[in-house]
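K.L.:
Each residue of the sequence shown is one higher than the last, beginning at 1 in full-length UniProt numbering.
Got a structure here, written out as structure tokens. Questions coming.
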Amino acid sequence: MPSGQHYQPGSQSSRGGLGVGVPPKQPKFVKDAPDTKTKNLVIRPPGDFLWVDYQDDKSQGRELSRSKQAFVRTRHHRMRREKQLQQLKSPPDHQGPSPSDSSSTTSSTSSTSSTTATNPERNTTRVPKHEEDYDDNVLECRNHYQASQQCPLINNSIGAGVLDGSPALAVSIDQNPNIYFQHYRIHSSRSCFPLCSSGVVVWFWQKALEDPALMQIKLSISASHRAAILESCGAPPDMIRKPAQDALRLRVGTIKSVQELLQNKAKIYAGSTIFIISHLIVAEVRISVTALVLVGSASGLGMEGNVEAVEAHINGMDKIIAGAGGLDALDFGLLAMVYSCAFVRGLITQSPPALYMCSKFQNRVFKESAFFKLNNRFTKLSKLSNLGTSFLDSPWSRDIPPMFKSIISLFQQLVTYYESLDIVVAEPMSVENDCLLFLGYRLLALPYQCVLTPFQETLRLTILTYASVRVWSFYGMACLEAHTETLRQSLLGSLPVIRSTAPDLLFWVLFIGSLASRGMRCHPWFLTRLVDAADQLGLEGWDSAVPILERFFFVCRLRDEPARDLWNSAFR
Numbered sequence: 001m002p003s004g005q006h007y008q009p010g011s012q013s014s015r016g017g018l019g020v021g022v023p024p025k026q027p028k029f030v031k032d033a034p035d036t037k038t039k040n041l042v043i044r045p046p047g048d049f050l051w052v053d054y055q056d057d058k059s060q061g062r063e064l065s066r067s068k069q070a071f072v073r074t075r076h077h078r079m080r081r082e083k084q085l086q087q088l089k090s091p092p093d094h095q096g097p098s099p100s101d102s103s104s105t106t107s108s109t110s111s112t113s114s115t116t117a118t119n120p121e122r123n124t125t126r127v128p129k130h131e132e133d134y135d136d137n138v139l140e141c142r143n144h145y146q147a148s149q150q151c152p153l154i155n156n157s158i159g160a161g162v163l164d165g166s167p168a169l170a171v172s173i174d175q176n177p178n179i180y181f182q183h184y185r186i187h188s189s190r191s192c193f194p195l196c197s198s199g200v201v202v203w204f205w206q207k208a209l210e211d212p213a214l215m216q217i218k219l220s221i222s223a224s225h226r227a228a229i230l231e232s233c234g235a236p237p238d239m240i241r242k243p244a245q246d247a248l249r250l251r252v253g254t255i256k257s258v259q260e261l262l263q264n265k266a267k268i269y270a271g272s273t274i275f276i277i278s279h280l281i282v283a284e285v286r287i288s289v290t291a292l293v294l295v296g297s298a299s300g301l302g303m304e305g306n307v308e309a310v311e312a313h314i315n316g317m318d319k320i321i322a323g324a325g326g327l328d329a330l331d332f333g334l335l336a337m338v339y340s341c342a343f344v345r346g347l348i349t350q351s352p353p354a355l356y357m358c359s360k361f362q363n364r365v366f367k368e369s370a371f372f373k374l375n376n377r378f379t380k381l382s383k384l385s386n387l388g389t390s391f392l393d394s395p396w397s398r399d400i401p402p403m404f405k406s407i408i409s410l411f412q413q414l415v416t417y418y419e420s421l422d423i424v425v426a427e428p429m430s431v432e433n434d435c436l437l438f439l440g441y442r443l444l445a446l447p448y449q450c451v452l453t454p455f456q457e458t459l460r461l462t463i464l465t466y467a468s469v470r471v472w473s474f475y476g477m478a479c480l481e482a483h484t485e486t487l488r489q490s491l492l493g494s495l496p497v498i499r500s501t502a503p504d505l506l507f508w509v510l511f512i513g514s515l516a517s518r519g520m521r522c523h524p525w526f527l528t529r530l531v532d533a534a535d536q537l538g539l540e541g542w543d544s545a546v547p548i549l550e551r552f553f554f555v556c557r558l559r560d561e562p563a564r565d566l567w568n569s570a571f572r
């Protein structure tokens with residue numbers, strides 16, 4: 001890369017005077033003890049022994065007493081951690097497959113076919129009799145998931161109540177890093193990868209354990225997501241401030257690591273560098289402006305600060321990708337991460353995706369996705385037969401451009417597939433997440449490929465909003481905050497037309513807008529108009545509202561507290 005084009009990630013995105021901590025010093029008077037044993041030699045770090053002058057013990061006073069207490073505490077915690085890590089070393093060391101490795105998917109499928117043929121009892125996937133025609137596709141999904149569980153060390157180390165096996169962080173943070181490990185495993189991974197969270201967690205943490213910079217930015221994403229959830233739930237500012245501060249500190253540490261990588265000519269075009277920068281972009285769009293204000297890092301910047309940082313990272317990553325041979329030279333896992341960054345950047349800026357979706361990625365989605373293999377057969381067998389039907393059979397739907405209508409039809413099938421996974425009882429492959437990303441990409445690019453009326457533009461934005469809160473889970477994040485405000489601005493112009501033409505559609509649009517805007521300034525705006533739309537339709541309760549919502553894009557889940565709480569707060 002020419003010297004004039006070097007990408008400096010810290011120029012736009014690092015805010016505030018957050019410092020980088022240094023590892024703690026060893027306790028005083030600590031020395032290594034000689035060990036002449038040759039059998040069962042155990043190499044222990046400094047701090048295993050504390051040498052003191054026993055005869056002069058009492059005369060050394062308070063300083064030695066504190067040193068002894070510190071030594072005992074340090075040794076106790078280290079021994080307990082060492083014992084737990086030794087217990088995790090017994091399983092064999094397996095390499096979990098990349099969630100986007102097509103070759104592993106193929107081998108897993110062929111292995112499954114032979115095993116099932118020789119021993120039918122080993123097929124544990126339970127599929128109803130009327131769904132036997134796509135049994136092979138379900139088995140393919142299940143066995144890819146089982147293959148991703150071949151790394152027990154990673155699974156155990158991020159399990160509840162187990163200390164993490166990661167290297168020490170170079171950045172000091174307020175809370176225990178294990179809190180963010182657990183949050184990523186339980187919440188953050190599902191918000192980004194709703195259709196394959198378990199296998200993806202294993203794959204990502206394998207990479208993170210090999211790269212401290214990636215570990216830091218993963219924890220930063222988890223911390224910012226934790227702050228976003230707390231903010232959307234109306235938590236006290238002090239509770240939001242801690243994870244928000246940790247997210248910023250970890251991000252600053254990652255930026256410094258990336259700057260060092262960019263000075264190394266051997267690593268500047270490596271896939272790991274692109275991978276880390278893509279996570280920096282995700283970190284920028286996750287933390288909300290409100291959380292930044294709480295930690296004193298958004299003064300005078302607001303949303304513009306997030307946008308400028310995202311643009312700087314995207315431009316830098318684009319140059320590095322070009323130097324590495326282009327998008328076609330990247331593997332599928334890295335491509336999915338890069339396109340995810342371009343998608344969330346489009347949500348904030350309301351512009352077409354910054355990076356084109358190469359044919360290599362699109363072909364894989366069409367050929368290897370179980371969703372596209374099942375196609376309409378799954379939709380017809382599902383109980384959600386009314387989902388999205390109003391988009392296709394209403395009088396106003398005749399004016400929808402064919403390109404837009406085909407996207408709606410595919411999205412209808414994908415939502416049905418996602419909401420009916422409990423019927424199939426199978427863990428899908430990670431390529432199914434790429435299907436959702438593919439449709440999101442097409443929705444972002446649609447206004448630049450065909451002419452949309454204000455009515456249709458509001459419809460497009462609402463479908464994107466639904467995907468962001470009911471399929472993905474972007475609650476409280478900066479990308480959703482910006483997108484929801486764009487939806488509100490679009491409704492200002494199209495509201496009279498939609499109210500007179502399709503009052504049921506207006507009710508759905510306002511309901512999704514109200515659901516997405518929880519904790520935002522525009523929430524009362526959506527909620528007030530939602531009540532008016534419900535009165536216009538004569539709705540008397542939640543049970544009367546659900547059938548209308550389901551004819552668009554909405555599924556009433558068994559435990560759906562956010563939707564029910566929204567209804568109760570609006571109509572109490």
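Glycine included, every Cβ here is placed at the ideal spot set by N, Cα and C.
1) Roughly how many angstroms separate the alpha carbons of Arg572 and Arg564, rounded to a whole number?
2) Could you name the residues of the same chain whose beta carbon sits closer than 8 Å to that of Arg559, not counting the 5 residues immediately before and after it, in chain order?
3) Exposed or buried, what is Phe366 when buried is set at 16 or more other beta-carbons lying within 10 Å of its beta-carbon?
4) Using the C-alpha atoms, what's the distance from Phe455 back to Arg251?
5) In angstroms with no decimal places, state the Cα-to-Cα distance between Glu550 and His313.
6) Let me know if Met403 comes out buried or exposed under the rule of 16 or more other beta-carbons within 10 Å of its beta-carbon.
7) What residue range does the alpha helix (DSSP H) around His523 cover?
8) Please say whether Thr254 and Ser220 have beta carbons closer to each other than 8 Å?
9) Please name the residue, chosen from Ala534, Pro503, Val258, Phe474, that lies closest to Ala228 on a Cα-to-Cα basis.
10) Thinking C-beta only, is Cys522 closer than 8 Å to Arg488?
11) Using 10 angstroms around the beta-carbon of Ser500, count the other beta-carbons present and answer buried if the total reaches 16, otherwise exposed.
12) Under the assumption that Thr458 contacts Ser490 (Cβ atoms under 8 Å), give the Cβ distance between them as a whole number of angstroms.
13) Given a threshold of 16 other Cβ atoms within 10 Å of its Cβ, counted over all protein chains shown, does Thr462 qualify as buried or as exposed?
14) In terms of residues, what are the limits of the alpha helix (DSSP H) holding Asp565?
15) If you reduce the DSSP assignment to three classes, tell me which class Asp184 lands in.
16) Compare the beta carbon distance of Leu527 and Ala570 with 8 Å and say whether it is the shorter of the two.
17) Assign Val451 to one of three DSSP states: helix, strand, or coil.
18) By the 10 Å Cβ neighbour count, where 16 or more other Cβ atoms means buried, how is Tyr466 classified, buried or exposed?
19) Which of the three DSSP states, helix, strand or coil, is assigned to Gln69?
20) Starting from the C-beta of Ala324, find all residues in its chain whose C-beta is less than 6 Å away, skip the five residues before and the five after it, and write them out in chain order.
21) Once DSSP output is grouped into helix, strand and coil, what is the label at Phe552?
22) Between Phe553 and Met79, what straight-line distance do the alpha-carbon atoms span, to the nearest angstrom?
23) Using the C-alpha atoms, what's the distance from Leu335 back to Gln536?
24) Taking just the CA atoms, how far does Glu419 sit from Asn386?
P.N.:
Quick look at the numbers:
1) 12 Å
2) none
3) exposed
4) 40 Å
5) 39 Å
6) exposed
7) 523-537
8) yes
9) Phe474
10) yes
11) exposed
12) 5 Å
13) buried
14) 561-570
15) In the sequence as displayed, the identity of residue 184 is Tyr instead of Asp. Residue state, collapsed to three classes: helix.
16) yes
17) coil
18) buried
19) helix
20) Tyr269
21) coil
22) 54 Å
23) 47 Å
24) 13 Å
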